[in-house]
Amino acid sequence: MTNQNVVVVICGALRLLISATFPSLRSQLDNTVEFSTPFTSFKSLSEGVFLYDNGFPLYNGGVVHHSPLLIAFMSVIMKFRLDGLLYAVIDCIICWQLMEIVKSNNATILQLLQKKDHILIGIIYALNPLLVLSNISGSTVIFTHFAISSALYFSSKGRYTTSTFFMALASSLSIYSILLVIPFLALNVRSSEKAAGSKQFKMLLRDNLQSYLLFFSLLLLWSYKVSYQSFDFLSACYFQYMTFAKSFPNIGLWWYFFIEMFSSFIPFFKGVFNLLLVCFILPFTIRFNRLPIVAFVLSLGWIVLINPYPTLGAYGFLISLVPLFDKIYGYMKYPVISFLLLMHAVILSPLFYHLWIDLGSGNSNFFFALTFVYALGLSSILSDLIWGSLRLEYDGRKQDFNKRVTQI
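If you're matching positions, the sequence shown starts at 2 in the numbering used here and goes up one per residue.
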């Protein structure tokens, strides 16, 4: 058995072992605001499966906010009580895909790798405690991560049509994944050896965009059929997510802001927050057009930072992609500070939430302060990635730590 297979086995065995040893851990984690939101909750998914199996409308009660395709798929899996095994297998596949991406000969990825240590990225993913706990909690964010990692994997292998399908699947599962299409198309086109001239570039861009739109349209049509020929899923899964219809505490920046705001101002500022989320994606893609994988990860990080319902599972997935850029580690200025910020936030946020909700000896400001620590830690990681990528580009893709460059 190769080292790569050993890492994959460890990834799955660890998750299955913890689930079997602590059978009540799933329900406990699913009730935490760090790993569960109304749009990723396993409890909500189970409710959707029950409604689907009994022929009831999925979205009438305002409880279910999952894609009808996911509900239909999980209906088959949960009949045989294989959901725990499925979650472990999906994490194993993601772990394997990330290692294969590092091993690929894709030029856009090779220029950021120094040692091509694919085992390291697999170990980081397999043993990441945020991902392990997110997996055990049953959070449906894992399906979006699977679609995104599959899109990156097939793109690195030159199978661009298949990669656009998985990007469309990610978009159908999580609405803000649509924004990743911009850097993803740049990644596909830049990765292609045919993209030599401007005509070829435009043709490849057009073909990839057409494939994505076709697959996304077919998935929406299939969702319409699965949800008993109703378009209610558009509001329940997408529109309510974008408009923060469920004002539940989470580790994001939206909830406290809109709880404290006068109702007449809420629609305007929801639009502002969504505009803030959208407006950085294209600049990332344009500035790092020669390093599209950087633009993709930065865009993903920005979505995790600003979206209304973030979870620690999304944080863990983003952190697991950082080892793709080992050439820029030496340029990073605040890795220790970023790690400590996130570690303190992960440890203290459940304590502060317990003080606020369960004991009543604190207030919402305690917990909300920790959401700023989460945001600061992730912002520090993103700023380090931006600075490191710019330095590597300035040094001609060759590391030069002796050169002194001053930020203006």
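Backbone N, C-alpha and C fix where the C-beta goes; we use that ideal spot for every residue, glycine too.
Roughly how many angstroms lie between the CA atoms of residue i and residue j, to the nearest whole one?
i	j	result
residue 51	residue 78	13 angstroms
residue 349	residue 129	18 angstroms
residue 68	residue 285	29 angstroms
residue 126	residue 312	16 angstroms
residue 392	residue 354	40 angstroms
residue 235	residue 178	15 angstroms
residue 228	residue 58	7 angstroms
residue 119	residue 363	45 angstroms
residue 289	residue 48	43 angstroms
residue 74	residue 222	16 angstroms
residue 62	residue 250	21 angstroms
residue 153	residue 102	8 angstroms
residue 66	residue 380	29 angstroms
residue 14	residue 89	8 angstroms
residue 345	residue 323	20 angstroms
residue 82	residue 270	43 angstroms
residue 405	residue 337	21 angstroms
residue 233	residue 25	33 angstroms
residue 97	residue 84	20 angstroms
residue 87	residue 274	35 angstroms
residue 259	residue 267	7 angstroms
residue 316	residue 372	13 angstroms
State the CB to CB distance for the pair residue i and residue j, rounded to an integer number of angstroms; the pair is presumed to be in contact (CB under 8 angstroms).
i	j	result
residue 209	residue 165	6 angstroms
residue 168	residue 239	Not a contact, Cβ separation roughly 16 angstroms.
residue 34	residue 252	7 angstroms
residue 54	residue 138	Not a contact, Cβ separation roughly 23 angstroms.
residue 43	residue 27	7 angstroms
residue 173	residue 217	7 angstroms
residue 369	residue 257	4 angstroms
residue 191	residue 293	5 angstroms
residue 295	residue 356	About 40 angstroms separates the two Cβ atoms, so there is no contact after all.
residue 246	residue 60	That belief does not hold up - the Cβ atoms of residue 246 and residue 60 are roughly 12 angstroms apart, past 8 angstroms.
residue 333	residue 272	About 35 angstroms separates the two Cβ atoms, so there is no contact after all.
residue 157	residue 105	4 angstroms
Measuring CB to CB, does residue i end up less than 8 angstroms from residue j?
i	j	result
residue 183	residue 278	no
residue 180	residue 148	no
residue 159	residue 8	no
residue 18	residue 220	no
residue 140	residue 23	no
residue 397	residue 142	no
residue 224	residue 205	no
residue 132	residue 321	yes
residue 302	residue 339	no
residue 326	residue 146	no
residue 186	residue 297	no
residue 299	residue 383	yes
residue 64	residue 45	yes
residue 230	residue 331	no
residue 243	residue 304	no
residue 342	residue 374	yes
residue 254	residue 376	yes
Should residue i be flagged as near chain D, meaning a C-beta pair shorter than 8 angstroms?
i	result
residue 189	As a matter of chain content, chain D is missing from the structure shown, which is built from one protein chain.
Tell me where the alpha helix (DSSP H) around residue i begins and ends.
i	result
residue 101	84-104
residue 250	Where residue 250 is concerned, there is no enclosing alpha helix (DSSP H), given that its DSSP letter is neither H nor E.
residue 192	182-192
residue 271	267-280
residue 35	Premise fails: residue 35 is in no alpha helix (DSSP H) and is neither H nor E.
residue 303	293-307
residue 5	4-22
residue 146	142-157
residue 134	130-138
residue 369	365-395
residue 44	43-54
residue 239	Run containing residue 239: none; DSSP gives neither H nor E here.
residue 25	Per DSSP, residue 25 belongs to no alpha helix (DSSP H) and is neither H nor E.
residue 347	336-354
residue 168	161-174
Taking only heavy atoms of the ligand NAP into account, decide whether any of them is closer than 7 angstroms to the Cβ of residue i.
i	result
residue 171	Absence of the ligand NAP from the depicted structure is noted, as is the absence of any ligand whatsoever, leaving it without description.
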